[in-house]
Amino acid sequence: MTNLDLLPPATDRAWLDPARYWGALDAATRHLDAPVGALSLDALRHNAHDMLRRAGGRPIRVASKSLRVRGALEALLAVPGYHGVLAYTLAEALWLADSVDDIVVGYPTAEKGSIRRLATSPEFASRVTLMIDSPDQLDLIDAVLPPAERETIRVCLELDASWNAPVLGHLGVRRSPIHHPDDAGALAAYIVARPGFELVGVMAYEAQIAGVTNQPEGKPFDGAVNRWMQGRSERELHERRGLAVAAVRKHADLEFVNGGGTGSLESTAADDSVTEIAAGSGLFGGHLFDGYAHFTPAPAAAFALDVVRNPTPEHATILGGGWIASGPPSPNRVPRIVWPEGLSMVGREGAGEVQTPVTGDAARHLRPGDRVWLRHTKSGELSEHLASLAVVDGDRVIGELPTYRGEGKAFL
Numbered sequence: 002m003t004n005l006d007l008l009p010p011a012t013d014r015a016w017l018d019p020a021r022y023w024g025a026l027d028a029a030t031r032h033l034d035a036p037v038g039a040l041s042l043d044a045l046r047h048n049a050h051d052m053l054r055r056a057g058g059r060p061i062r063v064a065s066k067s068l069r070v071r072g073a074l075e076a077l078l079a080v081p082g083y084h085g086v087l088a089y090t091l092a093e094a095l096w097l098a099d100s101v102d103d104i105v106v107g108y109p110t111a112e113k114g115s116i117r118r119l120a121t122s123p124e125f126a127s128r129v130t131l132m133i134d135s136p137d138q139l140d141l142i143d144a145v146l147p148p149a150e151r152e153t154i155r156v157c158l159e160l161d162a163s164w165n166a167p168v169l170g171h172l173g174v175r176r177s178p179i180h181h182p183d184d185a186g187a188l189a190a191y192i193v194a195r196p197g198f199e200l201v202g203v204m205a206y207e208a209q210i211a212g213v214t215n216q217p218e219g220k221p222f223d224g225a226v227n228r229w230m231q232g233r234s235e236r237e238l239h240e241r242r243g244l245a246v247a248a249v250r251k252h253a254d255l256e257f258v259n260g261g262g263t264g265s266l267e268s269t270a271a272d273d274s275v276t277e278i279a280a281g282s283g284l285f286g287g288h289l290f291d292g293y294a295h296f297t298p299a300p301a302a303a304f305a306l307d308v309v310r311n312p313t314p315e316h317a318t319i320l321g322g323g324w325i326a327s328g329p330p331s332p333n334r335v336p337r338i339v340w341p342e343g344l345s346m347v348g349r350e351g352a353g354e355v356q357t358p359v360t361g362d363a364a365r366h367l368r369p370g371d372r373v374w375l376r377h378t379k380s381g382e383l384s385e386h387l388a389s390l391a392v393v394d395g396d397r398v399i400g401e402l403p404t405y406r407g408e409g410k411a412f413l
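If you want our numbering, it's the 1-based position in the sequence shown plus 1.
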């Protein structure tokens, strides 16, 4: 495994010149068989330090779901300003806990075998925090092992950060049932009074602010509406989250209050009740984040596929391509072709699991063996399809980092 050094920040912003940037990645990885995943060291450095700037001094907890590359997680945690991991399953958290000492599982768990491993290990129990939003989840843990037979389990209370907007209704994601500050205080009191648990944190993920583009290409009206929505939602959440955190603190001495995401670093940092911000997708710089008005990450990670046929003089076909992101099915969940310029997917076929036809002026010049470069949308798509990422410094490969898949792990 290559050891990444993400200090100091990058000074050469080659990605601002597409021909130079994608040409260098292509030349550096030409000796590797497709599919090729590349991680630009300079671009990753830029994103890592720019996110710290945007966070305004708040520590960033790295969202592992968005990377799924253990070497990248460890390199980020060595950079001052990054602290801890937000994992997506308990099994993943236990795997990472051998080398990471502060892990919050971002979603409730029902993994009974993993709960038993956590509950019977003093080391794991001190390093891993579970997400809670209901007494039923505590019951599940106690059903695996009662308090007298296990370690004390660290838990984090999740507050619903969605906005019940006038006319528009529910905006955000449906996560926790705990929405009102009084409900947060009541659940906190219940957890503290229950044997075998320690309430150490609060989390509230504002998906409608962090995960919604506010300057989508070619859609100025949508962008204006989204910016209006985000401003109103931000004001509502800051007030409600502050009251909820105060209600919880009446019952527990909290170690952290977590909020935010890549798209909301600035606004979350402005909330005095938040002590840390979770973010991950912006580190690799998927193309979803091209649609934000207030920041533009570098395209640090990308993948290349081979051209394998020419079904007509106007088309070329690449092998693979259907690396689709989570969320509502829509064009912005599909990989974006970035090099050569002048290519687009065929509307009636799109990005296929095995083949993706492309058209456009550049397609006329592509022949079998040529490479097409694409950017993923937002988070862990690359690592679910690739065994490793080639680390590129300038115009040469300096090593590789195995993905979770490359290490034989598939957690979800």
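C-beta atoms are modelled at their ideal positions from N, C-alpha and C, and glycine is treated no differently.
(message) So, for N165: in the same chain, excluding its five sequence neighbours on each side, which residues have a beta-carbon less than 7 Å away from its beta-carbon?
(response) Here residue 165 corresponds to residue number 164 of the sequence shown, with the count starting at 1. For N165, where only same-chain residues beyond five positions count, the Cβ hits under 7 Å are H171.
(message) Less than 7 Å between C-beta atoms, sequence neighbours within five positions excluded: which residues of the same chain meet that for L255?
(response) Locating residue 255 in the sequence shown gives position 254, where the first residue counts as 1. So the qualifying residues of the chain are V201, G202, V203 and V249.
(message) I'd like to check one pair, G353 with G328: are the Cβ atoms closer than 7 Å?
(response) Along the sequence shown, read from residue 1 onward, the residue named residue 328 stands at position 327. Along the sequence shown, read from residue 1 onward, the residue named residue 353 stands at position 352. Going by C-beta atoms, G328 is not nearer than 7 Å to G353.
(request) Check I116 in the structure and name its three-state DSSP category. (result) As a position in the sequence shown, residue 116 is number 115, starting the count at 1. Correct three-state label for I116: helix.
(message) Any contact between the region 267-277 and the region 335-345? By contact I mean 3 or more CB pairs, one from each, below 8 Å.
(response) no
(request) Put H84 into one of helix, strand or coil per three-state DSSP. (result) If you number the sequence shown from 1, residue 84 lands on position 83. The answer is strand: DSSP assigns H84 an E or B state.
(request) Count the CB pairs spanning the region 357-373 and the region 388-396 that are closer than 8 Å, and state whether there are at least three. (result) no
(message) So within the region 109-167, which uninterrupted alpha helix (DSSP H) runs reach at least 4 residues, ignoring any that extend past its ends?
(response) 113-120, 123-128 and 136-145
(message) Check for me: the beta strand (DSSP E) holding R376 runs from which residue to which?
(response) Sequence index remark: in the sequence shown, residue 376 carries index 375 (1-based). First-last of the beta strand (DSSP E) with R376: R372 to R376.
(request) Below 8 Å on the Cβ atoms is my guess for D134 versus I104; work out the distance and round it to an integer in Å. (result) As a working mapping, residue 134 is identified with position 133 in the sequence shown. As a working mapping, residue 104 is identified with position 103 in the sequence shown. 18 Å between Cβ atoms; not a contact.
(message) On the criterion of 16 or more Cβ atoms from any shown chain inside 10 Å, does I319 qualify as buried, or is it exposed?
(response) Position 318 of the sequence shown, counting from 1, holds the residue named residue 319. Buried.
(request) For L26, count neighbouring C-beta atoms within 10 Å of its own C-beta (all shown protein chains included) and say buried if the count is 16 or more, exposed if not. (result) For the purposes of this step, residue 26 is taken as residue 25 along the sequence shown, with counting starting at 1. So L26 ends up on the buried side.
(message) Only counting the same chain, and skipping five residues up and downstream in sequence, which positions put a Cβ closer than 7 Å to that of K66?
(response) Counting from one through the sequence shown, the residue named residue 66 turns up at place 65. So the list reads Y89, G281, S380 and G381, once near-sequence residues are dropped.
(message) Since A94 and V106 should fall inside the 8 Å C-beta cutoff, what is the C-beta to C-beta distance between them, to a whole number of angstroms?
(response) By 1-based counting over the sequence shown, the position of residue 94 is 93. By 1-based counting over the sequence shown, the position of residue 106 is 105. Sure, about 5 Å apart at Cβ, within 8 Å.
(message) Can you give me the C-alpha to C-alpha distance between C157 and S177, rounded to a whole angstrom?
(response) One-based indexing of the sequence shown puts residue 157 at position 156. One-based indexing of the sequence shown puts residue 177 at position 176. So the two alpha carbons sit approximately 12 Å from each other.
(request) Measure the C-alpha to C-alpha separation of D140 and V129 and round it to an integer number of angstroms. (result) For the purposes of this step, residue 140 is identified with residue 139 of the sequence shown, where counting begins at 1. For the purposes of this step, residue 129 is identified with residue 128 of the sequence shown, where counting begins at 1. Approximately 19 Å between the Cα atoms of the pair.
(request) Kindly indicate the opening and closing residues of the alpha helix (DSSP H) around W229. (result) Along the sequence shown, read from residue 1 onward, the residue named residue 229 stands at position 228. Segment P221 to R250, the alpha helix (DSSP H) holding W229.
(message) If we require 4 or more residues per run, which alpha helix (DSSP H) segments fall completely within the region 49-85?
(response) 71-78
(request) Taking L68 as the reference, give the member of I399, H386 and V398 with the closest Cα. (result) Residue 68 sits at position 67 when you count from the first residue of the sequence shown. It is H386.
(request) Just tell me which of V80, G57 and D18 has its CA closest to the CA of P10. (result) Taking the sequence shown and counting its residues from 1, the one referred to as residue 10 is at position 9. Considering only alpha carbons, the answer is V80.
(message) Distance check for P298 and L17, CA to CA, integer angstroms please.
(response) The residue you call residue 17 lines up with position 16 of the sequence shown. The residue you call residue 298 lines up with position 297 of the sequence shown. Computed Cα separation, rounded: 11 Å.
(request) Please determine, among R31, G58 and F125, the residue with the shortest C-alpha to C-alpha distance to E152. (result) Taking the first residue of the sequence shown as 1, we reach residue 152 at position 151. Cα-wise, what sits closest to E152 is F125.
(request) With a floor of 3 residues, list each beta strand (DSSP E) that falls wholly inside the region 315-367, ordered by position along the chain. (result) 316-320, 337-340 and 356-360
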